[in-house]
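Number of protein chains: 2
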Amino acid sequence: MKARVTVTLKNGVLDPQGKAIEGALGALGFSGIGGVRQGKVFDIELDGRDAAAARTDLAAMCEKLLANTVIENYSIEIL
Amino acid sequence: MKARVTVTLKNGVLDPQGKAIEGALGALGFSGIGGVRQGKVFDIELDGRDAAAARTDLAAMCEKLLANTVIENYSIEIL
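These protein sequence lines map, in sequence, to chains V and C.
According to full-length UniProt numbering, the first sequence holds residues 1 to 79 in order.
According to full-length UniProt numbering, the second sequence holds residues 1 to 79 in order.
Here it is as structure tokens:
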């Protein structure tokens with residue numbers, strides 16, 4: 001079973017990397033960009049188990065390792 | 001208009017970061033993990049334009065800055 005975990009910064013948390021990308025896109029001639037926020041994505045391959053159990057495990061992985069829940073949100077998608 | 005660009009490593013490209021995460025999850029007691037690949041996600045806010053034009057612009061941004069198309073794939077999603 002494949003799952004995708006997306007980790008993004010919470011609203012209000014400064015994102016200097018996103019700001020830098022926004023500046024670089026402007027410098028490359030792209031206009032009309034209101035903002036860029038960068039996050040991380042993890043494609044995880046899990047050995048056979050049902051979707052509910054996988055989702056529980058993935059949430060535990062996010063809480064323990066993949067996301068810093070003080071400043072980041074995560075979302076889990078079973079593919 | 002909001003868009004999400006996801007950049008992932010192509011199949012066959014080594015992903016030491018993903019391997020390290022896989023090892024760390026194993027050390028934390030999570031079992032049955034077949035593999036982890038890490039990628040990047042960009043949430044981009046674009047000033048009003050139609051979806052087709054936005055998609056063209058976003059593809060150009062990926063080719064020029066956001067993705068290294070030698071080793072990475074990108075996908076564009078208009079939200």
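Glycine included, every Cβ here is placed at the ideal spot set by N, Cα and C.
Residue i bridges to which residues according to DSSP?
{"i": "V/T8", "result": "V/N73"}
{"i": "V/G35", "result": "C/E45"}
{"i": "V/K40", "result": "V/V7 and C/K40"}
{"i": "C/K19", "result": "None; C/K19 has no bridge partner."}
For residue i, does the three-state DSSP call read helix, strand or coil?
{"i": "C/A67", "result": "coil"}
With residue i and residue j assumed to form a contact (beta carbons below 8 angstroms), what rounded beta-carbon distance in angstroms separates them?
{"i": "C/K40", "j": "V/K40", "result": "6 angstroms"}
{"i": "V/A1", "j": "V/R49", "result": "Residue identity differs from the one stated: residue 1 of chain V is Met in this sequence, not Ala. 7 angstroms between Cβ atoms; contact."}
{"i": "V/L65", "j": "C/L25", "result": "6 angstroms"}
{"i": "C/I78", "j": "C/A51", "result": "5 angstroms"}
Practice task
Decide yes or no for the touch test of the region 35 to 51 of chain V against the region 18 to 36 of chain C: beta carbon pairs closer than 8 angstroms, at least 3 of them.
Solution key: The region 35 to 51 of chain V, when compared against the region 18 to 36 of chain C, does touch it at the 8 angstroms Cβ threshold.
Exercise for the section: Taking 8 angstroms as the threshold, find out whether the region 69 to 76 of chain V comes into contact with the region 1 to 11 of chain V through three or more Cβ pairs. Expected result: Cβ pair count under 8 angstroms is three or more, so yes.
Problem - Under 8 angstroms (Cβ pairs) to chain V, residues found in the region 50 to 64 of chain C - result: Listed in chain order, the positions of the region 50 to 64 of chain C with a beta carbon within less than 8 angstroms of a beta carbon of chain V are D57, A60, M61 and K64.
Handout entry: Within 7 angstroms of chain V by C-beta, residues of the region 26 to 38 of chain C in sequence order
Key = Residues of the region 26 to 38 of chain C with a C-beta atom less than 7 angstroms from some C-beta of chain V are L28, F30, G32, I33, G34, G35, V36, R37 and Q38, listed in chain order.
Handout entry: Cβ pair count under 8 angstroms reaching 3, the region 15 to 25 of chain C against the region 14 to 21 of chain V
Key = No, they do not touch.
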